[in-house]
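Using the working numbering, read the sequence shown as starting at 44 and increasing by one per residue.
Every residue, glycine too, gets a C-beta built ideally from N, C-alpha and C.
Given the structure is predicted, the values throughout are model-derived calculations rather than measurements.
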Amino acid sequence: MARLGTLALASVVAVAVLVGGGYWFLVRTATGQDFLLDRVAGAALAGGLPAPFDGLRVFMCGTSGPLVAPGRAQTCVAITAGDSLYLFDAGEGSADVAQVHGLPTETLRAIFVTHMHSDHIAGINNFNLASWVQGRKAPLKVMGPAGIERVVAGFNEAFAIDRGYRVAHHGEDLLPPALGVMHAEVIAPGVVLEDDGLQVTAFAVDHGPVKPAYGFRIDYRGRSVVVGGDTIATANLTAAAKDADLLLHDALSLPIIAGMEAAARSAGRIRAATILHDIQDYHA
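Below, the structure written as structure tokens:
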């Protein structure tokens with residue numbers, strides 16, 4: 044019995060020595076660090092989608108609102124149809140999520156914007172930059188309600204100097220200057236895009252005082268997805284979602300928000316309480 048105990052202890056010690064030695068080698072030696080770097084870089088660069096699929100794939104690149112939500116990016120739905128990528132809103136941090144998970148930003152054809160709240164548009168230029176650097180073949184279209192032309196013009200101007208630096212550094216062959224400038228398109232309810240079997244239809248939603256605000260229905264090869272944007276429940280949304288395979292919609296828990304409002308008032312945080320009160324009547 045004592046012999047078995049001695050063997051067990053020796054085994055534990057041997058394992059500990061091996062693990063400790065391996066850890067020391069990987070993090071304390073140049074050879075080990077180079078090995079780790081090679082593996083990490085290889086994993087990062089080998090990302091991407093699984094095997095080709097001629098249908099709709101849906102990715103949630105962001106699911107938070109304008110308030111801080113650690114670990115979550117702001118609103119963004121990415122949809123691939125065949126070999127092309129389309130985005131529906133692009134909040135802060137969503138471009139990072141898309142790239143970390145290997146979405147093919149070089150195939151990005153358009154960004155559709157439901158409305159111009161900051162948590163739906165703050166990441167637009169990051170997607171423009173990422174897709175340009177990755178080799179997008181045409182200028183990026185950004186499509187949304189009236190006002191989107193001002194948003195896009197603002198991004199183009201704000202990052203004009205940055206684009207110039209990047210072209211000067213890497214050359215026009217790698218980064219054609221014209222492909223770094225986004226093009227805005229103001230849309231109205233109805234079919235707004237038909238592209239190689241894909242149809243995108245905009246419909247009005249109710250997010251007042253934000254007007255206009257849209258949702259989108261995406262149809263491709265017999266499959267359909269509806270992105271509701273921010274809205275209360277409306278007849279337009281119900282009609283657009285009829286027979287859809289997937290509905291993506293905002294949701295707000297009134298009891299939770301009301302409780303947060305009450306807590307804010309009790310703590311004397313009147314501004315926060317007022318904001319929490321105001322948001323309760325324009326989300327579903």
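Straight-line Cα distance separating residue j from residue i
i, j, result
"I154", "G223", "14 Å"
"H250", "G265", "30 Å"
"L110", "C104", "17 Å"
"A189", "V269", "21 Å"
"A306", "S267", "41 Å"
"D286", "N279", "14 Å"
"I191", "K254", "12 Å"
"L232", "H158", "Per the sequence shown, the amino acid found at residue 232 is Pro instead of Leu. One C-alpha to the other measures close to 13 Å."
"A247", "A211", "43 Å"
"G311", "G108", "24 Å"
"T317", "A112", "20 Å"
Within 8 Å, strictly: CB atoms of residue i and residue j
i, j, result
"I164", "I261", "no"
"R206", "P220", "yes"
"F170", "L130", "yes"
"D132", "T118", "yes"
"D335", "E135", "In the structure displayed, the chain extends from 44 to 327; residue 335 sits before or after that span and is not available."
"G272", "L290", "no"
"V176", "A227", "no"
"H128", "L146", "The residue you asked about is not His; residue 128 is Leu in the sequence shown. Cβ distance < 8 Å, so L128 and L146 count as in contact."
"V120", "V143", "no"
"H326", "D293", "yes"
For residue i, the nearest candidate out of the options (CA to CA)
i, options, result
"T274", "G258, E192, A138, G108", "G258"
"V243", "H326, K254, R152", "R152"
"Q323", "E304, S137, L183", "E304"
"M225", "L172, A112, H292", "L172"
"A116", "I167, V210, G98", "I167"
"T106", "A256, P95, L295", "L295"
"G178", "T148, E200, A203", "T148"
"G187", "R209, I230, I204", "I230"
DSSP beta-bridge partners of residue i
i, result
"F179", "Contrary to the premise, residue 179 reads as Arg rather than Phe in this sequence. DSSP lists no partner for R179."
"R152", "Paired residues: none, contrary to the question."
"Q117", "S107"
Counted within 10 angstroms of its Cβ, other Cβ atoms place residue i as buried (16 or more) or exposed
i, result
"H160", "buried"
"A276", "exposed"
"D239", "exposed"
"Y263", "buried"
"S309", "exposed"
"L297", "exposed"
"G114", "exposed"
"A196", "exposed"
"A245", "buried"
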